[in-house]
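Asker: Provided herewith is a single structure, encoded as structure tokens, for subsequent inquiry.
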Amino acid sequence: MGLLLLLLLFFFGGFIESRTLHFPHGAETSYLTREEHWFDQTIDHFSPTDRRQFRQRYYEFLDYHQDSNGPVFLKICGESSCNGISNDYITVLAKKFGAAVVSLEHRYYGKSSPFKSLATENLKYLSSKQALFDLAIFRQYYQDTMNAKLNVSKVDNPWFVFGVSYSGAMSAWFRLKFPHLTCGSLASSAVVLAVYNFTDFDKQIGVSAGEDCKAVLQEITKLVEEQLSSDGASVKQLFGATMLNDGDFLYFLADAAVIAFQYGNPDVLCSPLLDAKKNGDNLVDAYARYVKDYYLGTFGASIQTYDQQHLKKTALSEDSGDRLWWYQVCTEVAYFQVAPANDSIRSSKVDTRYHLDLCKNVFGEGIYPDVDVTNIYYGGTKIAGSRIIFTNGSQDPWRHASVQTSSKDMPLYIIKCHNCGHGSDMRGCPQAPLNLEGNAEKCTSDAVQKVRQQIINHIDLWLSQCQDTGPDVDEPDWLGRMVM
Ligand SMILES: *[C@@H]1O[C@H](CO)[C@@H](O)[C@H](O)[C@H]1NC(C)=O
Ligand SMILES: *[C@@H]1O[C@H](CO)[C@@H](O)[C@H](O)[C@H]1NC(C)=O
Ligand SMILES: *[C@@H]1O[C@H](CO)[C@@H](O)[C@H](O)[C@H]1NC(C)=O
Ligand SMILES: *[C@@H]1O[C@H](CO)[C@@H](O)[C@H](O)[C@H]1NC(C)=O
């Protein structure tokens, strides 16, 4: 994702309301609530002596929570400002299960930063591990608050966690690390595997594009590379990206194509390019039109997101999310979207060195991701969790960082259709611009509805098992063995 992952969140609970994504229309109606609540959170959960705290923002939506013992859905906000509880498919699920919906902003993002300066030294408490602990503390705090309101004690509502993309990974990891705090998890397009050289990402773009569109994209990359070496200024000008250095520019151009597949709008990209090819038009011009009209226009991406000069800015601002996410990339998860050795779409200059140099340039010497440690901590694709539903969109390049094998306790579903991308189960098709209530009518197959039915079945089962026996009690034969 480089940045893209970020974008994702925007939609989901402000899923990656990425710093770069702004819905052009209907912002108000896209949320169930935007009323802010606050609570005091610990800055460092792993120090026994550091008691410093910061204010963390959260939201609650109680309209469907008719029965005080009813479920609580925790919608995890990921790597972006969390501006409310967005009105996607979770609305439908909450209505169906009579659930309260609560959402906690991820530490450091939006208004939940412990520090005003985001200098590298101050970012050391920014990690998924700390953020999961935040969720655990919040879950307990919120349960206690609910109980106090109702003047009851020792009541524990059944909780269920939800997330898409990075927050999808967090949703799975939360169930893994704090199984006693939730009855189950939906991990939509969850990027649970930290990957150093994520070459499958570019390969998937080729598969999603199809041979013809892929070939045109490759031709464009070659033409742009040639123009960069002969007259760099004018080709950057064409894309309105004169402020970017060559590496950042090539990364930006690659990302612009990715977004079409990731968010379920493949034809917006491929149709005009294939037409241009057929008519013998200038391909770079045609691509520049797509980038400016769709990626920067309709979709709302911003070029500065790709500018390392921008990423270096340490003053907390509305655009800090880019820097923050890169810090997580550069320290924990990598997902470096490098060009594969053969048949790549993106320029071969977007390589491992480019990413490592970015980490060093933006954050300083010694900042690079130790993905092995991350995968040891969580298990990567071998995550040993339970009661987690994993879903993947067939066109989504991120799916290769998701879980690979299905089991009874961790079922997985691939949602297959021409425009099924990142988080299609929660957001429908296409995901950008956002459809209210994750409308699935425009998905090119009924795969989304079918997977949603499975999701409902699992939530139903796990919530009822949880009410009977508590969140962490499993098969009876296991219990039998324990007591014998
Ligand atoms: C709360 O419950 C306790 C025990 O049932 C009762 O004594 C007390 O009066 C209640 N307080 C309120 C404010 O309802
Ligand atoms: C990543 O790719 C680079 C360049 O091809 C290579 O030198 C390096 O060994 C790779 N690292 C891993 C962990 O695969
Ligand atoms: C490189 O990619 C092309 C096109 O997909 C394929 O035909 C060829 O076999 C690949 N070569 C290698 C060495 O993988
Ligand atoms: C996600 O996609 C990968 C790659 O196609 C696949 O191996 C894996 O089984 C999928 N995972 C899920 C959760 O659908």
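Numbering (the working numbering), first residue to last: 833 to 1316.
Don't be surprised by glycine CBs; every beta carbon is placed ideally from N, CA and C.
May I ask you to list the residues that DSSP assigns as paired with L1148?
Answerer: Residue 1148 sits at position 316 when you count from the first residue of the sequence shown. According to DSSP, which records beta bridges pairwise, L1148 is partnered with nothing at all.
Asker: Provide the residue span of the alpha helix (DSSP H) that contains L1101, from first to last.
Answerer: The residue you call residue 1101 lines up with position 269 of the sequence shown. Segment P1098 to N1111, the alpha helix (DSSP H) holding L1101.
Asker: Note the first and the last residue of the continuous alpha helix (DSSP H) segment covering A1166.
Answerer: Against the sequence shown, residue 1166 aligns to sequence position 334. Here A1166 belongs to no alpha helix (DSSP H); instead the beta strand (DSSP E) covers A1166 to F1168.
Asker: Can you tell which of P1098, V996 and V1161 has the C-alpha that lies nearest to the C-alpha of L955?
Answerer: Residue mapping note: residue 955 aligns to position 123 of the sequence shown, counting from 1. Closest by alpha carbon: V1161.
Asker: When the Cα of K1240 is compared with those of L864, G1225, A1092 and R1219, which residue comes out closest?
Answerer: The residue you call residue 1240 lines up with position 408 of the sequence shown. With distances taken between Cα atoms, K1240 lies closest to R1219.
Asker: Do you know whose CA, among D895, Y957 and S945, lies nearest G1325's CA?
Answerer: Within the shown structure, residues of the chain are numbered from 833 to 1316, placing residue 1325 beyond reach of any answer.
Asker: Please state if the CB of Y890 and the CB of T865 are separated by a distance shorter than 8 Å.
Answerer: For this step, residue 865 is matched to residue 33 along the sequence shown. For this step, residue 890 is matched to residue 58 along the sequence shown. Their beta carbons are not under 8 Å apart, which means T865 does not touch Y890 by this criterion.
Asker: On the DSSP bridge assignment, give the partners of E892 in chain order.
Answerer: Taking the first residue of the sequence shown as position 1, residue 892 is located at position 60. Bridge partners of E892: V934.
Asker: Closer than 7 Å between the C-beta and any heavy atom of ligand 4: which residues qualify, listed along the chain?
Answerer: F1222, T1223, N1224, R1231, H1232, S1234, V1235, Q1236, T1237, L1244, Y1245 and I1246
Asker: Taking the alpha carbon of Q1140 as the reference point, which residue from T1163, A1166 and Y1186 has its own alpha carbon closest?
Answerer: Residue mapping note: residue 1140 aligns to position 308 of the sequence shown, counting from 1. Selected option, being the one with the closest Cα: Y1186.
Asker: Could you name the residues of the same chain whose beta carbon sits closer than 7 Å to that of Y1095, not counting the 5 residues immediately before and after it, in chain order?
Answerer: On the sequence shown, residue 1095 is found 263 positions in, with the first residue counted as 1. Within the same chain, Y1095 has close Cβ partners G1253, H1254, P1262, Q1263 and A1264.
Asker: On the criterion of 16 or more Cβ atoms from any shown chain inside 10 Å, does R1231 qualify as buried, or is it exposed?
Answerer: Translated into positions along the sequence shown, residue 1231 becomes position 399. Buried.
Asker: DSSP state of K907, grouped into three classes?
Answerer: On the sequence shown, position 75 is the one that residue 907 refers to. Strand, per DSSP.
Asker: Alpha carbon to alpha carbon, how far is K1144 from Y1209? Give it in angstroms, no decimals.
Answerer: Against the sequence shown, residue 1209 aligns to sequence position 377. Against the sequence shown, residue 1144 aligns to sequence position 312. If you take the alpha carbons of Y1209 and K1144, they lie about 29 Å apart.
Asker: Taking only the alpha-carbon atoms, compute the straight-line gap between I797 and F1006 and give it to the nearest angstrom.
Answerer: Past the boundaries of the shown model lies residue 797; the chain is included only from 833 to 1316, so the question cannot be answered.
Asker: I'd like the list of long-range same chain contacts for C1275, defined as Cβ closer than 7 Å, with 5 residues on each side in sequence excluded.
Answerer: The residue you call residue 1275 lines up with position 443 of the sequence shown. Taken in chain order, the residues that qualify are C1249, N1251, C1252, S1256, G1260 and C1261.
Asker: Going by beta-carbon coordinates alone, are S862 and S945 separated by less than 8 Å?
Answerer: Taking the first residue of the sequence shown as position 1, residue 862 is located at position 30. Taking the first residue of the sequence shown as position 1, residue 945 is located at position 113. Against a cut-off of 8 Å, the Cβ pair of S945 and S862 comes out as no contact.
Asker: What number of angstroms, rounded off, separates the C-alpha of T1301 from the C-alpha of I1291?
Answerer: Within the sequence shown, numbered from 1, the residue matching residue 1301 stands at position 469. Within the sequence shown, numbered from 1, the residue matching residue 1291 stands at position 459. Computed Cα separation, rounded: 15 Å.
Asker: Quick check on the DSSP output: what are the complete alpha helix (DSSP H) runs of length 4 or more inside the segment 941–990, in order along the chain?
Answerer: 960–982
Asker: Do A1022 and S1234 have their C-beta atoms closer together than 8 Å?
Answerer: As a first step, residue 1022 is located in the sequence shown; it is residue number 190 there, counting from the start. As a first step, residue 1234 is located in the sequence shown; it is residue number 402 there, counting from the start. It is a contact, given that the beta carbons lie within the stated cut-off.
Asker: Measuring alpha carbon to alpha carbon, tell me which residue in L1190, K927, H877 and E867 is nearest I1199.
Answerer: Walking along the sequence shown from the start, residue 1199 turns up at place 367. Comparing alpha-carbon positions, the option among L1190, K927, H877 and E867 lying closest to I1199 turns out to be L1190.
Asker: Taking all protein chains shown into account, decide if D920 is buried (16 or more other Cβ within 10 angstroms of its Cβ) or exposed.
Answerer: Position 88 of the sequence shown holds residue 920. When all chains shown are included, D920 counts as buried.
Asker: Quick one: is the Cβ of Y1200 within less than 7 Å of any heavy atom of ligand 2?
Answerer: The sequence position of residue 1200 within the sequence shown is 368, counting from 1. Answer for Y1200: no, Cβ out of range of ligand 2.
Asker: Where do the ends of the beta strand (DSSP E) carrying G1225 lie?
Answerer: Here residue 1225 corresponds to residue number 393 of the sequence shown, with the count starting at 1. G1225 -> beta strand (DSSP E) spans I1220 to G1225.
Asker: Using a 10 Å radius around the Cβ and a threshold of 16 neighbouring Cβ atoms, would you call F1084 buried or exposed?
Answerer: Residue numbering aside, residue 1084 sits at position 252 when the sequence shown is read from its first letter. Buried, because 16 or more other Cβ atoms sit within 10 Å of the Cβ of F1084.
Asker: Would the C-beta of N1321 count as close to ligand 2, meaning under 7 Å from any of its heavy atoms?
Answerer: Nothing can be reported for residue 1321: it is not among the residues displayed for the chain, which extend from 833 to 1316.
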